[in-house]
Amino acid sequence: MTMDLFEDALPPPWHEQIAPGAVVLHGFVRDHGPELLAAVNSVVAQVPWRHMITPGGYRMSVAMSWCGNGWTSDNRGYRYSDRDTRTGKPWPPIPEILMALADEAAVQAGFGHYVPDSCLMNRYDPGSKLSLHQDKDENDFGAPIVSVSLGLPAVFQFGGLQRGDRARRVPLAHGDVVVWGGPSRLNYHGILPVKEGYHSLVGPHRINITLRKAL
Ligand code: MD3
Ligand code: FE
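Sequential numbering of the sequence shown, starting at 1, is according to full-length UniProt numbering.
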């Protein structure tokens with residue numbers, strides 16, 4: 001009888017390439033939940049969770065906050081800015097732990113050292129979803145996006161370059177990090193409605209953090 005009994009319950013992190021340029025680092029930050037959540041909360045204290053209105057006029061079920069270059073809106077619609085252009089107040093800086101995580105994940109995924117300038121955070125309550133979309137408001141599509149999943153699990157939809165392309169379903173759990181770059185950077189993607197549940201650290205939510213080069 002050995003301690004191997006518990007090995008399956010807590011496997012070491014493993015890397016899974018799900019498409020060219022898209023690498024899942026399973027459990028990469030599983031042991032850092034408290035520090036990451038503290039970083040999220042420090043940003044949310046300055047940029048409270050808000051439900052954005054889509055260009056089509058719908059209120060998003062996902063609540064958002066951000067730091068670094070974040071969203072601002074004016075007569076031209078939403079765009080990235082280093083500040084809230086309505087008040088002139090700069091968005092808070094990206095916490096050091098998130099900068100370090102992004103760099104380490106990008107290196108592990110084979111993209112080399114990475115210095116993001118934008119950090120968007122999404123909070124999903126049970127039932128919240130994110131419809132299929134492309135991320136194309138950033139200036140540099142050559143840079144990857146690093147995403148971190150915390151709290152309740154979700155099913156990620158990973159489609160192709162056309163909205164109608166068949167989408168694969170990729171389960172994402174607390175502590176998973178995905179690096180999206182290269183040929184997958186402009187693929188359609190979304191999140192299916194999050195199921196009811198309670199996570200011991202995060203509570204009845206899923207929180208996703210994306211680190212980007214926006215400007
Ligand atoms: C694949 N967020 O904020 S993160 C978003 O879980 C967004 O909250 C989702 O899509 C979430 O825009 C997914 C993973 C992600 C982010 C950007 C991508 C996957 C991507 C860009 C291209 C391809
Ligand atoms: Fe997206």
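Glycine is no exception: its CB is placed at the ideal position from the N, C-alpha and C atoms.
- Per DSSP, GLY33 is one residue of the alpha helix (DSSP H) stretching across 33-44.
- By the criterion of a C-beta distance shorter than 8 Å, ARG83 is surrounded in its chain by THR72, LYS89, PRO90 and TRP91, once the five residues flanking it on both sides are discounted.
- Classified as buried, LEU25 has 16 or more neighbouring CB atoms from the shown chains inside 10 Å of its CB.
- According to DSSP, LEU150 shares a beta bridge with ILE207.
- Under the three-state reduction of DSSP, ALA63 is assigned to strand.
- At the C-beta level, TYR78 and ASN69 stay beyond 9 Å of one another.
- A direct Cα-Cα distance of roughly 16 Å separates ASN41 from SER200.
- The stretch 91-109 makes no contact with the stretch 121-128; the number of CB pairs closer than 8 Å stays below 3.
- A Cβ-Cβ separation of about 34 Å leaves ALA45 out of contact with SER184 under the 8 Å criterion.
- Nearest to ILE97 by C-alpha distance, out of THR85, GLY57, PRO116 and PHE111, is PRO116.
- Inclusion of VAL155 and VAL178 in the CB contact set at 9 Å is not warranted, their separation being larger than that value.
- Annotation note: the UniProt domain "Fe2OG dioxygenase" (115-215) contains the following uninterrupted beta strand (DSSP E) runs of length 3 or greater, listed N- to C-terminal: 118-124, 130-133, 145-151, 154-158, 168-172, 177-180, 189-191 and 206-212.
- By the neighbour-count definition (other C-beta atoms within 10 Å, threshold 16), ALA214 is a buried residue.
- Shortest gap from the CB of LEU130 to any heavy atom of the ligand FE: under 8 Å.
- Taking the Cβ of ASP74 as the reference point, every heavy atom of the ligand FE lies at 8 Å or farther away.
- Relative to the ligand MD3, PHE156 has its C-beta within less than 8 Å of a heavy atom.
- For ASP103, the enclosing alpha helix (DSSP H) starts and ends at 96-108.
- An exposed status is given to LEU186, since fewer than 16 other beta-carbon atoms sit within 10 Å of its beta-carbon.
- Taking all protein chains in view, the Cβ of ALA22 is crowded by 16 or more other Cβ atoms within 10 Å, so the residue is classified as buried.
- 9 Å or more divides the Cβ of MET99 from the Cβ of ILE207.
- Between HIS174 and GLY190, the gap from beta carbon to beta carbon reaches 9 Å or more.
- Distance from the C-beta of HIS199 to the nearest heavy atom of the ligand MD3 is not below 8 Å.
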